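The numbering of the sequence shown is the numbering used here, which starts it at -2 and goes up by one. Virtual Cβ for every residue (Gly too), placed ideally from N, Cα, C. All of these numbers come straight from a predicted model, not from anything done at the bench. Working notes, structure below.
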Amino acid sequence: MVAPLYLALYRPHSDIWFRNNLGRILRRDLLPNKYAPLLDYLRQADAVELIFVPRLDGSALARFADALKLWLWCRVTGLGGTRLALTAASVSRAQVLFLMHYGNLTYETEPVASRGAAVARALTSLPLRKVVHLTHYVYCVETGAKNLAALKPDLLVAESNLADHADYFRAHFAQVNAPFVGLPYTAAARFQSRRAMSERTNKMVVTGSITYKMQDLAFRQFFGTQELQPMRRQLFDVASRYKAEMDCLVSDLDSSRVIARPNRLRRAWNTFRRITGVRTQHDYFRRDVVEIYNSYAMFAVPEEVCGLPAIGFVEGMACGSAYVGVEGGMYRDLGMLPGVHYIAYDGSVEDLMAQVRYHQQHPERTEAIAKAGCVLAHTVLGADAVYGDFVLTLRQLAGTSEVPA
């Protein structure tokens, strides 16, 4: 019999990664919970004992309030049976601690990111292995890297191996001495292929949102832009020129951002409008993306410039559409070969459109790529394969001093 793995998740209720947080639930927000499949897998995995942990830094009142939020969140989201560890002593019974870098060790704004130093101090002394997920690592990168180094993690993970494929990561996280493994996105069960290629529109659909402009000076100086997903912006801006090649459904979230902080009355009014349905949410998050991906022969969800793919790439492939992405190591690491599992281009709008036109004229090639990509999405990139390997890595981390390469 396999010995149980006691895995602690630090503050899983604080953001939208695994489920919507209480504030989002109250406002009836419809947002993607990108790591819900990971949590669901861990909950049903054999010999894995999950433990949820509220904040361990700050005053006694702050810790109590966060523990109460965690308890309520568990009950609202159907996770009420999960064990809670409310003190450092009880957390120490776990073998591995898993936490998200963003929201704990860094954040979009410097004052909040700086609080990550206290989090690192509170967690460093815990006698268990620490695994940190590096999604959104680009925000306040210098502060975040300093806090991460202070934590002394045992393993780093992200949707691609940033240590191998991201110059920006290597430039700022050299002081973090921890191995890195990829933890790819997986598609939820609803993402299935429903239509034959002959029934699909012979064009490329572009999905994704243009997130808020980056304010971090280090990011702007390194990349020469404020756009986290610059290709999404470019395609959004030139969509009218390429109607024969693509339908652009990219949503510009930055255009709707309110820079000035609203007063309490305005916040209350906006919350009331959201709860009562008077205030509609961004159309992007309300679309039936499964239907969209099943309606087109090809699709693109342009990557983040910092070396991370979008979750949409595996979702669209799972729906039987041929993915069009930048050729690079982040996809090869996932077993994706250009011209076999996806359509590769060189990162320019001109080459992207040339690839689309070629595959419009060669539908048999498009269909073969789409089929191979769909199989890969449901097997190699399926939840059982991806998360099964991850749990094995965690077991090895808990039982040995080294993580296999």
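Any idea if Asn174 is buried or exposed, counting beta-carbon neighbours within 10 angstroms, 16 or more meaning buried? Counted from its first residue, the sequence shown places residue 174 at position 177. Asn174 should be labelled exposed.
Please report how far the alpha carbon of Phe233 lies from the alpha carbon of Lys200, in whole angstroms. To locate residue 233, count along the sequence shown from 1; it is residue 236. To locate residue 200, count along the sequence shown from 1; it is residue 203. Going from the Cα of Phe233 to the Cα of Lys200 covers about 16 Å.
I'd like the list of long-range same chain contacts for Leu123, defined as Cβ closer than 7 Å, with 5 residues on each side in sequence excluded. Numbered from its first residue, the sequence shown carries residue 123 at position 126. The answer, listed in chain order, is Ala85, Val88, Ser89, Leu94.
Nearest CA to the CA of Ser345: which residue from Glu300, Lys368, Leu334? As a working mapping, residue 345 is identified with position 348 in the sequence shown. That would be Glu300, whose Cα lies nearest to the Cα of Ser345.
Return yes when the Cβ of Gly370 is within less than 8 Å of the Cβ of Tyr328, no when it is not. Along the sequence shown, one-based indexing puts residue 328 at 331. Along the sequence shown, one-based indexing puts residue 370 at 373. It is not a contact, given that the beta carbons lie outside the stated cut-off.
With a threshold of 6 Å on Cβ separation, who are the neighbours of Arg392 within its own chain once the five nearest residues in sequence on each side are excluded? By 1-based counting over the sequence shown, the position of residue 392 is 395. Taken in chain order, the residues that qualify are Leu2.
Taking Cβ positions, are Val365 and Ser318 nearer each other than 8 Å? Here residue 365 refers to the residue found at position 368 when the sequence shown is read from its first residue. Here residue 318 refers to the residue found at position 321 when the sequence shown is read from its first residue. Checking the sequence shown, residue 365 turns out to be Ala, not Val. No; because the gap between Cβ atoms is not below 8 Å, this pair is not in contact.
Rounded to whole angstroms, what's the CA-CA distance from Arg126 to His375? Just pull it up for me. As a first step, residue 126 is located in the sequence shown; it is residue number 129 there, counting from the start. As a first step, residue 375 is located in the sequence shown; it is residue number 378 there, counting from the start. So the alpha carbons of these two residues sit roughly 31 Å apart.
Inter-residue spacing [alpha-carbon to alpha-carbon] between Ala62 and Leu76: Start at 1 with the first residue of the sequence shown, and residue 62 comes out as number 65. Start at 1 with the first residue of the sequence shown, and residue 76 comes out as number 79. Taking the straight line joining both Cα atoms gives about 19 Å.
Going by CA-CA distance only, name the one from Asn158, Val202, Ala163, His169 that's closest to Pro181. Within the sequence shown, numbered from 1, the residue matching residue 181 stands at position 184. Per the Cα distances, Asn158.
What's the gap between the Cα of Gln231 and the Cα of Asp343? For the purposes of this step, residue 231 is identified with residue 234 of the sequence shown, where counting begins at 1. For the purposes of this step, residue 343 is identified with residue 346 of the sequence shown, where counting begins at 1. A straight line joining the alpha-carbon of Gln231 with that of Asp343 spans about 14 Å.
For Arg276, which three-state DSSP category applies? Within the sequence shown, numbered from 1, the residue matching residue 276 stands at position 279. Because the pLDDT at Arg276 is just 44, under 50, the model does not fix this residue reliably, and the value given afterwards should be weighed accordingly. Coil, per DSSP.
Whole-angstrom distance between Thr208 and Arg24, CA atom to CA atom: Numbered from its first residue, the sequence shown carries residue 24 at position 27. Numbered from its first residue, the sequence shown carries residue 208 at position 211. Computed Cα separation, rounded: 20 Å.
Span of the alpha helix (DSSP H), counted from its first residue to its last, around Glu301: On the sequence shown, residue 301 is found 304 positions in, with the first residue counted as 1. No alpha helix (DSSP H) holds Glu301; DSSP gives it neither H nor E.
Spatial neighbours of His169 within its chain, please: CB distance less than 6 Å, with the 5 preceding and 5 following residues excluded, ordered by chain position. To locate residue 169, count along the sequence shown from 1; it is residue 172. Residues Val138, Ala142 of the same chain have their beta carbon placed closer than 6 Å to that of His169, with the five preceding and five following residues left out of the count.
What do you get for Pro34, buried or exposed, if any count of 16 or more other CB atoms within 10 angstroms of its CB means buried? The residue labelled residue 34 in the question sits at position 37 within the sequence shown. So Pro34 ends up on the buried side.
What is the rounded straight-line gap between the Cα of His162 and the Cα of Phe220? Taking the first residue of the sequence shown as position 1, residue 162 is located at position 165. Taking the first residue of the sequence shown as position 1, residue 220 is located at position 223. Inter-residue distance for His162 and Phe220 is about 15 Å (C-alpha atoms, whole angstroms).
Inter-residue Cα distance where the pair is Gly274 and His356: Along the sequence shown, one-based indexing puts residue 274 at 277. Along the sequence shown, one-based indexing puts residue 356 at 359. Annotation note: pLDDT 48 at Gly274 (below 50); position unreliable, coordinate value reported separately. Rounded to whole angstroms, Gly274 to His356 spans 43 Å at the Cα level.
My understanding is that Asn291 touches Ser190, with C-beta atoms under 8 Å, so please give their C-beta distance in whole angstroms. In the sequence shown, counting from the first residue as 1, residue 291 sits at position 294. In the sequence shown, counting from the first residue as 1, residue 190 sits at position 193. Contact between Asn291 and Ser190 holds: CB atoms are separated by about 7 Å, below the 8 Å threshold.
For Pro42, which residues from the same chain have a beta carbon less than 7 Å from its beta carbon, with the 5 sequence-adjacent residues on both sides left out? Your numbering for residue 42 matches position 45 in the sequence shown. According to the sequence as given, residue 42 is Ala; it is not Pro. The residues are Val388.
Could you spell out where the beta strand (DSSP E) holding Phe233 opens and where it closes? In the sequence shown, counting from the first residue as 1, residue 233 sits at position 236. Element bounds for Phe233: not the beta strand (DSSP E) but the alpha helix (DSSP H), 227 to 235.
Beta-carbon proximity list for Thr79, same chain, < 7 Å, skipping 5 on both sides: Numbered from 1 along the sequence shown, position 82 holds the residue referred to as residue 79. Leu47, Phe49, Cys71, listed in sequence order.
Quick one: Cα of Gln352 to Cα of Asp12, how far? As a working mapping, residue 352 is identified with position 355 in the sequence shown. As a working mapping, residue 12 is identified with position 15 in the sequence shown. Cα-Cα distance, rounded: 38 Å.
Between Leu67 and Pro51, which are expected to be in contact by the criterion C-beta below 8 Å, what is the C-beta distance as a whole number of angstroms? Within the sequence shown, residue 67 is the residue found at index 70, counting from 1. Within the sequence shown, residue 51 is the residue found at index 54, counting from 1. Yes, Leu67 and Pro51 are in contact; Cβ-Cβ is about 5 Å, under 8 Å.
Over what stretch of residues does the alpha helix (DSSP H) that includes Met97 continue unbroken? Residue mapping note: residue 97 aligns to position 100 of the sequence shown, counting from 1. Careful: Met97 lies outside any alpha helix (DSSP H), inside the beta strand (DSSP E) at 93 to 97.
On the premise that Asp213 lies in contact with Tyr165, defined as a C-beta separation below 8 Å, what is that separation, rounded to the nearest angstrom? Your numbering for residue 165 matches position 168 in the sequence shown. Your numbering for residue 213 matches position 216 in the sequence shown. With 8 Å as the limit, Tyr165 and Asp213 do not qualify as a contact, their Cβ atoms being about 11 Å apart.
Inter-residue spacing [alpha-carbon to alpha-carbon] between Thr198 and Asp348: Here residue 198 refers to the residue found at position 201 of the sequence shown. Here residue 348 refers to the residue found at position 351 of the sequence shown. Their Cα atoms are separated by approximately 21 Å.
If you reduce the DSSP assignment to three classes, tell me which class Asn199 lands in. Here residue 199 refers to the residue found at position 202 of the sequence shown. Residue state, collapsed to three classes: strand.
Using the Cα positions of Leu58 and Gln92, report the straight-line distance between them to the nearest angstrom. Here residue 58 refers to the residue found at position 61 of the sequence shown. Here residue 92 refers to the residue found at position 95 of the sequence shown. Each residue's alpha carbon lies about 27 Å from the other.
Is any heavy atom of the ligand SAH found at a distance shorter than 7 Å from the C-beta of Arg60? Absence of the ligand SAH from the depicted structure is noted, as is the absence of any ligand whatsoever, leaving it without description.
Could you pull the DSSP bridge partners for Ile308 from this structure? Residue mapping note: residue 308 aligns to position 311 of the sequence shown, counting from 1. DSSP lists no partner for Ile308.
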